[in-house]
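Here's the structure we're looking at; comments come further down.
There are 2 protein chains.
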Amino acid sequence: MYQAILSHIYKYVSLNEEEEAFLSSQFNVTQLKRKEYLLQQGNICQHIHFVNEGILRAYFLNPEGKETTVMFAVKDWWITDMYCFANQLPAMVSIQAVAPSQVLCLSKERLDTLLTEIPKLERWFRILMQNAYIREQLRVIQNLSQSAEDRYYEFLEKYPQIVPHVTQKQIASYLGITPEFLSAIRAQK
Amino acid sequence: MYQAILSHIYKYVSLNEEEEAFLSSQFNVTQLKRKEYLLQQGNICQHIHFVNEGILRAYFLNPEGKETTVMFAVKDWWITDMYCFANQLPAMVSIQAVAPSQVLCLSKERLDTLLTEIPKLERWFRILMQNAYIREQLRVIQNLSQSAEDRYYEFLEKYPQIVPHVTQKQIASYLGITPEFLSAIRAQK
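What follows is the structure, encoded as structure tokens:
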């Protein structure tokens, strides 16, 4: 159950047996069927989630009912609405399983406890946050520097495991293009 | 010289005199005139920069010569091309002073040394990265959820110190709208 997350941590810090046991005890495990929700927009974002298995999608629904995919998460990734998690506010996005998934859930309170009790975990979490920041910054710059076509083919190459489980419409909204434009790109090929 | 950065750090961790001295010794100070460059797109991104005074702007120039403002930074903020800094690669953006500025520059090597020598700084840096990630994630969601008009007036309210130093074109590109659309918004008022 905790193999994936421990391997993830061990890339950056080592833990003794006691620390490992304490860490594992802080998580709750949640199983999700396809289309089941981990978080609903408007509910307090209480947890950060580590994906043990499966694929999830975070999306924003605007008042006109238009859905935009903000993020995908696959095995070994973390997913939450970080602003609302950090401030324990109503979530701005919904998080839904797009394939059967198993996630480890950590509450804000337990994360704070973990970082206080095992300060070396700060390093691991710092690298996590740094990578998340880099991913978002890269996305902004790539949206500016690459054509929609290039970004689409890069997405297919980078996330082959996601593609079979999501709609073209979801991919289009993640890439910031219309579904019609994505159809045109695919028709060209 | 190090008052601002030390106050910034002391929000999250405390240092003894020796640690404070060691930390201060790791930075180089750079003074920039208005329009002077801290980093040029294509040059290796060697440093992360803390803004002691002034205002800076990071922008991306596409092959057709179109400039997009990716980020602003004011007093007490950090600025770099994080992906290229972390991997010591040619920068994807240029960083330019838009007002006379003083920045503290920290190389990747020295940052790594700092985090090894004073591990509790991991906490500070984790919170930095977390805030940077939140800022980018919020920007994505606000771009989806708010009208360009709302985002413009929020920008004016949030960053009154930036507005006098930058062009409407730079603000428009930061908000992801055309300068013509921004003119239309301003004309409506």
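Protein chains in written order, with the numbering used here: chain A, 5 to 193; chain B, 5 to 193. Even for Gly, the Cβ is constructed at its ideal location relative to N, Cα and C. Here the structure is a predicted model, which means the values were calculated and not measured.
1. Where do the N-terminal and C-terminal ends of the beta strand (DSSP E) with residue 75/B fall, by residue?
2. Kindly identify the DSSP beta-bridge partner or partners of residue 2/A.
3. By the criterion of Cβ-Cβ separation under 7 Å, what are the contact partners of residue 137/A in chain B?
4. One question on the structure: do residue 142/B and residue 87/A come within less than 8 Å of each other, judged by their Cβ atoms?
5. Express the C-alpha separation of residue 132/A and residue 109/A in angstroms, rounding to a whole number.
6. Where residue 134/A and residue 54/A are concerned, what is the direct C-alpha to C-alpha distance, given to the nearest angstrom?
7. Since residue 32/A is in the beta strand (DSSP E), which residue starts that stretch and which ends it?
8. Is any beta-carbon of chain A found at less than 8 Å from that of residue 148/B?
9. What does a CB cutoff of less than 8 Å around residue 82/B pick up in its chain, not counting 5 residues either side in sequence?
10. 8 Å is my cut-off, CB to CB: does residue 123/B come that close to chain A?
11. With a cut-off of 8 Å, do at least 3 Cβ pairs link the segment 29-47 of chain A to the segment 109-118 of chain A?
12. Which first and last residues belong to the alpha helix (DSSP H) in which residue 14/A is found?
13. For the segment 161-168 of chain B and the segment 34-50 of chain B, state whether three or more C-beta atom pairs, one from each stretch, are separated by less than 8 Å.
14. Give a yes or no on whether the minimum CB-CB distance between residue 5/B and chain A is below 8 Å.
15. From this set, 17/A, 24/A, 20/A, 16/A, which residue's C-alpha is nearest residue 7/A's C-alpha?
16. Give a yes or no on contact between the segment 6-20 of chain B and the segment 88-103 of chain A, applying the rule of three or more CB pairs nearer than 8 Å.
17. Taking a Cβ distance cut-off of 8 Å, strictly less, list which residues of the segment 165-176 of chain B are near chain A, in chain order.
Answer, in terms of the structure:
1. Counting along the chain, the beta strand (DSSP E) containing residue 75/B begins and ends at 71-78.
2. This structure leaves residue 2/A out entirely; chain A is present only between 5 and 193.
3. 86, 133, 136, 137, 140
4. yes
5. 16 Å
6. 16 Å
7. 32-36
8. yes
9. 52, 53, 54, 55, 132, 136
10. yes
11. yes
12. For residue 14/A, the enclosing alpha helix (DSSP H) has its first and last residue at 7-14.
13. no
14. Put simply, the CB of residue 5/B is far from chain A, with every gap to its CB atoms at 8 Å or more.
15. Closest option to residue 7/A, Cα to Cα, is 24/A.
16. no
17. Contacts with chain A (Cβ-Cβ distance below 8 Å) from the segment 165-176 of chain B involve no residue at all.
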